[in-house]
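Take a look at the structure below.
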Amino acid sequence: MNFIARLMEKGLQFDNVIVCTGIAVAVGILLHAVYAAFSSQRKSRIRGSWIARLVYLVFATLVVALTATSFGSILTAGVMEHWALLAHIAIAGAFVFVLLVFSIAWSPLKLSNANVDGQVSADTIGNAWWLSRWSLWCVLWASLVVAGSMLVAMLPIFDTIGMHEITMIHRYAGLVLAGSLMVNLYAFAAQRLGWR
Amino acid sequence: MTVDWPPQFRRSCFILRSFIMIALIVGLGAVSIAADTGPKYARADTDGHYVHWIELYDANSTKINPADANPRPYSSRKTCGRCHDFEKIVHGWHFDAVEQLKSESGRPGQPWVWNDPRTGTILPLSYRGWTGTYNPDAVGISRWSVTKQFGGFLPGGGPGSFATSKSDEASPAEMDKTLASSLSKSPDRETITGSLPVDCMLCHRSGGEYNPEIWSKQIEAENFEYAPTVASGLAVIEGSLSRVRENASETDPDDLPKLTYDMNRFRPDGKVFFDIVRKPHNASCNHCHTNLAAQAIDTQRWAHDDDIHMRAGMSCVDCHRNGLDHEMVRGYPGQNHPQPKLIATLSCQGCHLGGSLNSHDANLAMSDNAWRSMGGRMGAPKPLHRGLPPLHFEKLTCTACHSGPLADMTPVRQLTSQLHHLGVHEQRTGNEAPAIVAPIMLPIRTIASHEDSDKPQALYTPHRMMWPAFWGVMHDGRIDPLEPESVYQLTRKTLKVKKDLSEEIGEVKPALSDRKRILGDDRYKVKEEEWTPAEVDAIDSWIEEQSRFQVDTRIAESLDELQKVLPEGKQAVYVTGGKAYRRSVGEDKKLEIASSAEAGKAIEPTVWPLGHNVRPARMALGASGCVECHSDGSPFFATRIDAVSFLPGKENVSVMAHELQQADMNRLKQWNSLFASRAAFKYFAFGCLGLTTLVVLSGLTNAIGNRLGANRRRSS
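Residue numbers (the numbering used here), protein chains in the order written: chain D, 1 to 196; chain V, 1001 to 1716.
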């Protein structure tokens, strides 16, 4: 944690990190999309249950809103404050609950080839493209860190330096979450289109 | 025989000669400069107490013989200056308010307030250019008048050093010449009183016989030059220069004050013991820097606590230090000090945290980690602020939570040494003007015009506040104050006030004829105690109506008097209670209120940040929870400040703190709603997060198990 603090001190500006991460993910997706579109691979079309898709949609919307109010605010205003911070915190409350529903609906149990409830067949997700599965794992773990870091910060545990570091963990975990979700969305879209 | 050297050789010789001469001059110059930078004065350099048995010298450098028929007062410049670099000292913070040769204005401090109850004047003054204050030179107040008014709570020098040198040339910059010439001149009696000397003993006394109250009273009596001698108890004085008429040349020397030295204070060799300390005691600072809650004046002083640092055994100068140049460490982060590295750890943040958490402070944002880690001086504990979001450090100064009176819905009335002459033995009620209230939480740069309040550096800080009141000239969307003494001369016949405008201007007593008209022929001679409630009401309503009429009439007539000396296009106004009153058009002597656009910033309150008293951590703002500030009724935003006016019966301005802060209350209310059920949310959120963790972990273990099972199946 001190390493991150030192890194920030030496001039690694977080807004630059956001831009670089965004560009890297976008370029990666674009390159693969170009490659997949012109290749002749046509595989199975994945479809989840409508409930699972709805939960995914709500979850993704919340993450986009949280990203816009945090990284968007940092990129445009330089700081995260006023209405952006207010909206971010209000949405974060909903995020914690939706995360639970999302983790059940897109259960890692299903990701692990175990057919538990029969709603979503093991074939649809369990045998999904590795990028879908691994990006979904990233989304879930990053979400846990994102939510956990801020909830822990609400308790009188960490001192000021600890609070700074936990804030930094929250930021970077949030960045991983946003990036993973972009990749995950692309991976599912690619499968829906039959590119994989 | 002359040798005819070739021209080229001669030119070379000339160049060589010139070069040697220049080198010699430069070399000698350098040697002399080097010699000059050496120690000029002998020093003791001991941590022990250097005992000062010294001879006294008067302003002419003549050794004082106490047995002389008419001994002169001692001069600190000539006495102390024999061993100390006086020139260096007198440009320090406390003495440099006027010339500002070395000191920078920095963060606004408490202004000097010209308080004249006869004309209802509360005029904030400062030579430092602090927003919300007026430069006395620009108002037309002579340096001598400033010295007499405020010198009792200054250590000498400053305006007293230059009593007249600039007042003539300092033609009021903000007033035109016609106006300046039409007003009588501010009193300037420097030729009689001389300048006000710096009194080293006011701060560096060890206690003993020095009496700061006598210093204040001698300045009030215009005995400027005598004040250090008399306050030190070296001599007693008879007479006062305030009784000497303007034309000093015709003054009988017998009319001048007479000093009688205490012979017991002098050794046979003519030396006197000065009980001097290098680090001034708190009592010395407190003569000019006491801040007291008005309630403490009554009976509650015992219930008020000191600053936590004082309770811990520290002294003011442990933090507010200075070197020989007397450049004080003012203690706020970002002070532009000649030695920024040395003062980096002498602010709240620097001392307790050892560096800057925020990069807004250029002086503290040092890459030198050695300095950053030097917090904890004098045993300062490091605050942990457990669970406090770091955002607070970007929005609040340390003092916002830790200093001043606890925030309340109605700010507390305060008295200060300089403005209320604390330390001078007199009767007080606590309601004396100027009415200063605290704490008002404002962004540090929100002074009058709120010009920089939206900048990230504008940190919320507790402020003291007062409402100015003065007679002025309104023009071009602004109001310039008129010189208070001239105002008194011009308005005394119309205002008809002897001592206090607020008490006397609305004072109405029904004459017998009035009582006859109100109570009727049968009852008008009845004693007041025998009046019926209806009669009391009738008399009261008559008094109220007459009082209102009298206030309007007298103020309007006074404005008329002022208007007579004003040039065309300028209007006389009286500012009080957050409003600017002007004469209505027409014959009836009524007052009307100028609009904010016409009056400009002049009607806004004057504010300055406070630093003390620091409260213990358990009494910090927010110590009992977030909702201390993050709730709709929080005093942080919802404190109501009522303007104090000299005019009875007038409706005064009343503002909420959030209006001065220019805070977005809609957003704040939304924000506060998030804190309404925060505790329940924490339980809910941790519950959700715990279940989510279980689901994800079970997925992980399942995935690992499946992968291992698959591997086993593949290998078998």
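For every residue, glycine included, the Cβ atom is placed at its ideal position computed from N, Cα and C.
Along the chain, where does the alpha helix (DSSP H) that runs through residue 1548 of chain V open and close?
1533 to 1565
Sorry if obvious, but does the Cβ on residue 1336 of chain V come closer than 7 Å to a heavy atom of the ligand SAH?
Among the components modelled here there is no ligand, and therefore nothing to report on the ligand SAH.
So for residue 1469 of chain V, helix, strand or coil by DSSP?
strand
Mind listing which residues of the segment 1689 to 1714 of chain V have their C-beta closer than 7 Å to chain D's C-betas, in chain order?
1689, 1691, 1692, 1693, 1695, 1696, 1698, 1699, 1700, 1702, 1703, 1706
What's the call for residue 1122 of chain V, buried or exposed, on a 16-neighbour Cβ count within 10 Å?
buried
Range covered by the beta strand (DSSP E) that runs through residue 1576 of chain V
1571 to 1576
Can you tell me the Cα-Cα spacing of residue 1068 of chain V and residue 1137 of chain V, whole angstroms?
41 Å
Kindly list, in the order they appear in chain D, the residues whose Cβ is closer than 9 Å to that of residue 1682 of chain V.
151, 154, 155
What residues in the segment 1381 to 1392 of chain V bring their beta carbon closer than 9 Å to a beta carbon of chain D?
1382, 1383, 1384, 1385, 1386, 1387, 1388, 1389, 1390, 1391
If you compare alpha carbons, which of D/69, D/70, D/63 is closest to residue 144 of chain D?
D/63
Pick from V/1314, V/1093, V/1243 that is closest to residue 1337 of chain V, judged by C-alpha positions:
V/1093
Below 8 Å on C-beta distance, what does residue 145 of chain D contact in chain V?
Correct list: empty, because the minimum Cβ distance to chain V is about 11 Å.
Outcome for residue 82 of chain D when other beta-carbon atoms lying within 10 angstroms are tallied against a minimum of 16:
exposed
What would DSSP say about residue 1480 of chain V, mapped onto helix, strand or coil?
strand
N- and C-terminal bounds of the beta strand (DSSP E) containing residue 1640 of chain V
1640 to 1642
So is residue 166 of chain D buried or exposed if we call it buried at 16+ other beta carbons inside 10 Å?
buried
Measuring straight from C-alpha to C-alpha, what distance separates residue 183 of chain D and residue 1622 of chain V?
43 Å
Pick from V/1292, V/1574, V/1260: whose alpha carbon is nearest that of residue 1304 of chain V?
V/1292
Could you tell me which of D/16, D/13, D/21 sits nearest to residue 178 of chain D, measuring between CA atoms?
D/21
Relative to the alpha-carbon of residue 1674 of chain V, which residue among D/13, D/85, D/35 has its alpha-carbon at the smallest distance?
D/85
Would a check of beta-carbon distances place residue 83 of chain D closer than 8 Å to chain A?
Considering every chain present, this structure includes no chain A. Its protein chains are D and V.
Would you mind telling me which residues of chain D sit closer than 7 Å to residue 1674 of chain V, beta carbon to beta carbon, in chain order?
89, 90
Residues bridged to residue 1093 of chain V by DSSP?
BP columns for residue 1093 of chain V are empty, so no partner.
Under the DSSP definition of a beta bridge, which residues are partnered with residue 1416 of chain V?
V/1291
Between which residues of its own chain and residue 1325 of chain V is the CB-CB distance below 8 Å, once the five residues before and five after are set aside?
1088, 1089, 1091, 1092, 1102, 1338
According to DSSP, what are the bridge partners of residue 1236 of chain V?
V/1260
When you compare only the Cα positions, how much space is there between residue 1353 of chain V and residue 1400 of chain V?
16 Å
Collapsed DSSP secondary structure at residue 1579 of chain V in the structure displayed:
strand
Assign residue 157 of chain D to one of two classes, buried (16 or more other C-beta atoms within 10 Å of its C-beta) or exposed (fewer than that).
exposed
Alpha carbon of residue 59 of chain D to alpha carbon of residue 1411 of chain V, nearest angstrom:
47 Å
Measure the C-alpha to C-alpha separation of residue 1211 of chain V and residue 1233 of chain V and round it to an integer number of angstroms.
7 Å
Reduced DSSP secondary structure (H/G/I, E/B, other) of residue 1374 of chain V
coil
Are the beta-carbon atoms belonging to residue 1280 of chain V and residue 1402 of chain V less than 8 Å from one another?
no
8 Å contact criterion, which residue 1607 of chain V and residue 104 of chain D should meet: CB distance rounded:
At roughly 56 Å, the Cβ-Cβ gap does not stay under 8 Å, so residue 1607 of chain V and residue 104 of chain D are not in contact.
Could you pull the start and end residues of the beta strand (DSSP E) that residue 1271 of chain V belongs to?
1271 to 1274
Beta-carbon proximity check, residue 1058 of chain V vs residue 1040 of chain V, cutoff 8 Å
no
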